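K.L.:
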Amino acid sequence: MATEKGSSASLGRPCILIIVVAGVERFAFKGVASNMVNYLTGVVGMSTAAAAQSVSAWVGITSMLPLVSAVLADSYWDRYSTVTASSLLYVAGLAGLASWAMLHKWLPWATLFLPLYLISIGQGAYNPSLQAFGADQLDIGDEDDDGGGTAEEKGKVKSAFFQWWYFGICCGSLLGNTTMSYVQDTVGWGIGFAVPCAAMALSVAAFLCCTPLYKKISQPRSADRPCSESILRALKSLLASVSAGKIRLSSRHDGQDDGDDKNNASELELQEKPLKLAKLTDPEETNGPGVAKIILRLLPIWTVLLMFAVIFQQPMTFFTKQGTLMDHRVAGGAFVIPPATLQSTITVSIIILMPLYDRVIIPLIGAVTRESKGITVLQRIGVGMVFSVVAMVVAALVESRRRHEAAGQMSIAWLLPQYVLLGVSDVFAVVGMQEFFYSQVPDAMRTIGIGLYLSVFGVGSLVGTLLIAAIEVATAGGAGKGHGWFSDDPREARMDNYYWFLVLLSSVSFVIFTQLCRCYH
23 MATEKGSSAS LGRPCILIIV VAGVERFAFK GVASNMVNYL TGVVGMSTAA AAQSVSAWVG
83 ITSMLPLVSA VLADSYWDRY STVTASSLLY VAGLAGLASW AMLHKWLPWA TLFLPLYLIS
143 IGQGAYNPSL QAFGADQLDI GDEDDDGGGT AEEKGKVKSA FFQWWYFGIC CGSLLGNTTM
203 SYVQDTVGWG IGFAVPCAAM ALSVAAFLCC TPLYKKISQP RSADRPCSES ILRALKSLLA
263 SVSAGKIRLS SRHDGQDDGD DKNNASELEL QEKPLKLAKL TDPEETNGPG VAKIILRLLP
323 IWTVLLMFAV IFQQPMTFFT KQGTLMDHRV AGGAFVIPPA TLQSTITVSI IILMPLYDRV
383 IIPLIGAVTR ESKGITVLQR IGVGMVFSVV AMVVAALVES RRRHEAAGQM SIAWLLPQYV
443 LLGVSDVFAV VGMQEFFYSQ VPDAMRTIGI GLYLSVFGVG SLVGTLLIAA IEVATAGGAG
503 KGHGWFSDDP REARMDNYYW FLVLLSSVSF VIFTQLCRCY H
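In the working numbering, the protein residues as written are 23 to 543.
1) Less than 7 angstroms between the CB of L524 and some heavy atom of the ligand COA, yes or no?
2) Please confirm if the segment 110 to 119 is in contact with the segment 132 to 140, defined as three or more CB-CB distances below 8 angstroms between the two stretches.
3) At what residues does the alpha helix (DSSP H) containing G146 begin and finish?
4) As a quick exercise: from Q401, Q431, I368, pick the residue whose alpha carbon is nearest that of I384.
5) Quick one: grab the DSSP three-state call for C541.
6) So, is the C-beta of V105 closer than 8 angstroms to a C-beta in chain D?
7) Do the CB positions of A451 and F535 come within less than 8 angstroms of each other?
8) What are the partner residues of V77, as DSSP defines its beta bridges?
9) Got a sec? Which residues, its chain only, sit under 8 angstroms from Q75 by beta carbon, not counting five neighbours each side?
10) So, with DSSP's three-state summary, where would you put R351?
11) If we count the other Cβ atoms within 10 Å of its Cβ and call it buried at 16 or more, is D510 buried or exposed?
12) For V358, list the residues DSSP reports as bridge partners.
13) Give me the DSSP bridge partner(s) of S433.
14) Do the CB positions of A50 and G198 come within less than 8 angstroms of each other?
15) What are the boundary residues of the alpha helix (DSSP H) that includes L386?
16) Could you check how far apart the C-beta atoms of V59 and V77 are, in whole angstroms? I think they sit under 8 angstroms.
17) Enumerate in chain order the residues of its own chain whose CB-to-CB distance from P296 is below 7 angstroms, with the five nearest sequence positions on each side excluded.
18) Helix or strand or just coil, what does DSSP make of M68?
19) Between the Cα of V226 and those of F189, Q153, R101, V105, spot the shortest distance and give me the residue it belongs to.
20) Just the C-alpha distance for S582 and G473, rounded to the nearest angstrom, thanks.
21) Buried or exposed for S477, please, with buried defined as at least 16 other CB atoms from any protein chain shown within 10 angstroms of its CB.
22) Please state the DSSP three-state secondary structure of S181.
23) In whole angstroms, what is the alpha-carbon distance linking S528 and C231?
24) Taking C-beta to C-beta, are V81 and Q335 nearer than 8 angstroms?
25) Taking DSSP as the reference, what is the three-state secondary structure of H126?
26) With DSSP collapsed to three states, give me the class of V463.
27) With 16 other CB atoms within 10 Å as the buried threshold, where does D166 fall?
28) When you compare the segment 355 to 373 with the segment 515 to 522, are there three or more beta-carbon pairs, one atom per stretch, that lie closer than 8 angstroms?
29) Looking at the unbroken alpha helix (DSSP H) that takes in N60, where does it start and where does it end?
30) Name the residue from A216, G67, V326 whose alpha carbon lies nearest to the alpha carbon of V485.
31) Throw me the rounded Cβ distance for the P360 and S203 pair, which I believe falls under 8 angstroms.
32) Which term fits A501, buried or exposed, when burial requires 16 or more other beta carbons within 10 angstroms of its beta carbon?
33) How many angstroms separate the CA atom of M407 from the CA atom of T339?
34) On a Cα-Cα basis, can you pick out the residue from P337, C539, L160 that is closest to L320?
35) Given 8 angstroms as the limit, is there contact between the segment 119 to 132 and the segment 177 to 186, that is, 3 or more CB pairs closer than that?
Here it is in structure tokens:
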């Protein structure tokens with residue numbers, strides 16, 4: 023059975039159901055997060071910089087928590103139980119946020135962050151576990167079972183899963199960005215937060231009702247779980263290797279014997295093919311040193327992707343605020359576009375481009391590179407990074423022009439190119455990152471692999487928060503003094519300078535990334 027299904031890049035009913043559930047989760051989260059900056063500035067009364075910092079910190083912590091929950095899910099719990107428990111916390115947080123919006127006149131503003139961070143805790147465990155659980159449903163046989171098809175066939179099925187997964191969550195994001203921001207701006211914030219809560223609750227109910235369809239994989243328990251003492255030993259070994267100059271990124275053409283690599287626990291190496299997948303009970307891969315070593319191997323690539331993650335957060339913060347300073351009317355004033363709905367342009371670009379990726383883009387690239395896969399996973403990530411830099415260049419040019427126009431006279435449609443370019447960058451970089459981090463860890467650590475991918479955006483959001491705080495202090499001369507780049511006065515604000523600064527940092531990150539890729543290959 024595995025052979026028949028593994029030979030084609032088709033997904034079974036459990037995978038499709040889980041992709042739909044993930045799409046509904048994105049609808050709920052984007053329905054809340056996409057307009058949060060305007061909620062904090064318009065209802066709560068925060069300044070633009072404070073609201074952007076708050077949203078970046080919230081999104082950052084939300085995206086970092088998967089690292090903690092992934093270790094728990096892979097070592098202490100199981101993925102199904104983690105999905106079930108975290109989904110209840112998620113729904114409780116959404117319900118609390120909707121209640122706060124309806125009762126905010128009688129509540130201290132600081133209490134708003136209680137439901138927001140309850141959502142963070144729930145989502146931090148829910149997303150990586152759901153995606154890893156969905157990948158578990160792929161009927162491609164066990165890694166040590168030749169009946170599951172060739173490695174290339176299994177790779178095609180896994181690539182199809184990650185692409186359709188991203189397609190599903192983009193569809194959910196599109197609905198959340200377009201419908202919920204409109205409801206929040208025209209009907210009210212209480213209803214605008216209650217609808218995502220109801221949708222999430224229904225998706226959780228559907229997931230639980232379909233429990234008999236799922237394939238559950240047993241996971242290592244306490245005997246194999248990571249412990250702080252063993253991880254500390256691995257880090258000491260790494261530091262000893264640094265002093266001895268033994269750390270390297272191994273080359274695909276390196277002629278060293280595999281046995282020597284296994285004996286040298288301190289070598290830092292990335293492999294063209296996924297790491298040798300261990301059996302679920304293999305103590306060498308699932309114990310503390312094994313976990314630490316694998317994570318440390320991935321750190322160089324993980325680190326240089328942080329600036330991409332900083333750019334990834336701009337649509338929810340400064341792009342949205344940029345839109346509020348422009349003319350929202352289109353078609354001769356027949357329609358008024360809420361600024362947050364422009365985020366849907368990113369997802370529309372992804373939805374249009376994703377089905378064309380395998381059918382059109384890869385064959386065209388393959389004709390140039392003469393490779394059947396077109397480009398490697400790391401090359402795919404690099405292309406996405408380039409598009410993100412170009413998007414910030416366009417954003418800086420548009421903002422520079424806006425500053426010289428009369429207030430509210432420049433059409434919001436001028437923002438469309440930067441959103442579309444970010445959508446194109448996501449098709450390449452985000453899907454590539456998912457596949458890279460998932461494929462570079464053993465079976466027993468799949469949730470940790472997804473957690474590493476998500477943590478890029480978490481740490482990137484916090485890096486963005488620190489950048490905003492540092493720039494605010496440097497350009498405004500301290501809190502409350504002068505006009506900085508993020509001034510609430512649209513005439514004094516210099517968001518274009520901030521965008522150019524991101525272009526510089528991202529370009530440096532891309533250069534480092536290309537050098538790492540040369541070592542990797």
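In this text, a Cβ means the ideal position worked out from N, Cα and C, and glycines have one as well. Source: prediction; values computed, not measured.
P.N.:
A quick look at the data gives this:
1) Within the structure as shown, the ligand COA is missing, as the structure has no ligands at all.
2) yes
3) 135 to 158
4) Q401
5) helix
6) Annotation note: the requested chain D is absent from the structure, which comprises a single protein chain.
7) no
8) Note: V77 sits in no beta bridge, so no partner.
9) T487, I490, A491
10) strand
11) exposed
12) R351
13) D349
14) yes
15) 384 to 391
16) 5 angstroms
17) At P296 the pLDDT is 38, less than 50, meaning the model places this residue with poor confidence and gives no usable figure here.
18) coil
19) V105
20) Because the chain in this structure spans residues 23 to 543, residue 582 falls outside the shown range and cannot be described.
21) buried
22) helix
23) 45 angstroms
24) yes
25) helix
26) coil
27) For D166, the predicted structure reports a pLDDT of 44, less than 50, and the residue's modelled location is therefore unreliable. A value from the coordinates is still provided. With fewer than 16 Cβ atoms within 10 Å of its Cβ, D166 is classed as exposed.
28) no
29) 58 to 61
30) V326
31) 5 angstroms
32) Since pLDDT at A501 reaches only 47, below the 50 mark, its modelled position is unreliable, and no value is offered.
33) 20 angstroms
34) C539
35) no
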